[in-house]
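Working notes, beginning with the structure itself.
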Amino acid sequence: MTAPKPGTVPADTGQPFTVAEAIAAELRLRGTPERAVKEKAYLKSSLDHCGVSVPETRAIVTAQLRSVQGGAGAGVGRDFAVAVAEALWDNPIHELRSAAVMVLIRARDHLGGGDVALIERFLRESGTWALVDPLAGDLVGPLTEVTADFDQVLERWAIEEDFWLRRSALLAHLRPLRAGDGDFDRFSRFADVMLQEREFFIRKAIGWVLRDTAKKRPDLVFEWLQPRAHRASGVTIREAIRPLSPEQQAAIRAANRTG
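Residue 1 is where the sequence shown starts when you use my numbering, and the numbers rise one by one after that.
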């Protein structure tokens, strides 16, 4: 049977559960067993996989949300989007959970502090960077720029035992800082405490945020990192210094080696 094009499994009634079912049906139809096996192994995933790429999944989600009467994707309201996302998430299939995250991201203009519990539940149940990173970076990050409701949430996540929540507290700063905005003081305070953690995903996240901050504000990153380089891991250093000048890179490498 020929796989349908995105959006061709209809959301007949426009009800959230029907839309979620339509998205799930398309994902199952368009997946390939070979890709499913490879992605499950790559992500070391405990979930089942359909074998659908991220761009394909996003196209399916976009088409189905646009099919909703009175909604054009981003125009779908908060209650509808949350209901679709929860229905998708409750399937232990990676692509369906990825689709749930995409639904929330598309509806983020309608979300706020009242949705912290839902977002945190998804983060705790993710178990992989492939779900955590878009939730933290593409959903929570932009929300922190429009509401103070997440301020205390990030403070709490930064000291959570669950390292995925600590990673989320860091990555929530990524998009704002990349744009030249954001709260570098808060990020750097979190990063300073986590700088010597042994967890790879924490070390990588610190370096990633520093790297993207340095694209617009290299001196800020250099001045913060250079006196701390002796405490930073090689993973953090390699990521963070990429946008810096050769002289700044050399100074940080030297401090890292001699610390």
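Built from N, CA and C at the ideal position, the CB exists for glycine as well.
Beta-bridge annotation (DSSP): Asp79 is not paired with any residue. Less than 8 angstroms separates the beta-carbon of Val54 from that of Ser98. Gln64: member of the alpha helix (DSSP H) spanning Val54 to Arg66, first to last residue. Looking at the DSSP output, Asp48 shares a beta bridge with Ile93.
Within 10 angstroms of the beta-carbon of Ala148 lie fewer than 16 other beta-carbons, which makes it exposed. When the alpha-carbon of Pro134 is set against those of Glu160, Ile241, Ile159 and Val101, the nearest one is in Val101. Bounds of the alpha helix (DSSP H) holding Arg121 are Val116 to Ser126.
By the Cβ test, the segment 229 to 248 is not in contact with the segment 159 to 174, since fewer than three Cβ pairs between them sit closer than 8 angstroms.
In the structure shown, Ile159 falls within a coil segment according to DSSP collapsed to helix, strand and coil. For Asp162, the closest of Ile105, Phe201 and Glu145 by C-alpha to C-alpha distance is Phe201. Contact between the segment 58 to 65 and the segment 38 to 48 is absent: fewer than 3 CB-CB pairs across the two stretches fall below 8 angstroms. The shortest CA-to-CA distance from Ala214 to any of Arg30, Phe190, Met194 and Arg175 is the one to Arg175. Between the alpha carbons of Gly137 and Trp129 lies a gap of roughly 11 angstroms. In the three-state DSSP reduction, Ser188 falls in the helix class (H, G or I).
The Cβ atoms of Ser245 and Pro218 lie closer than 8 angstroms to each other.
The Cβ atoms of Gly113 and Phe150 sit closer than 8 angstroms to each other. According to the DSSP assignment, Val37 belongs to the alpha helix (DSSP H) that extends over Pro33 to Leu43.
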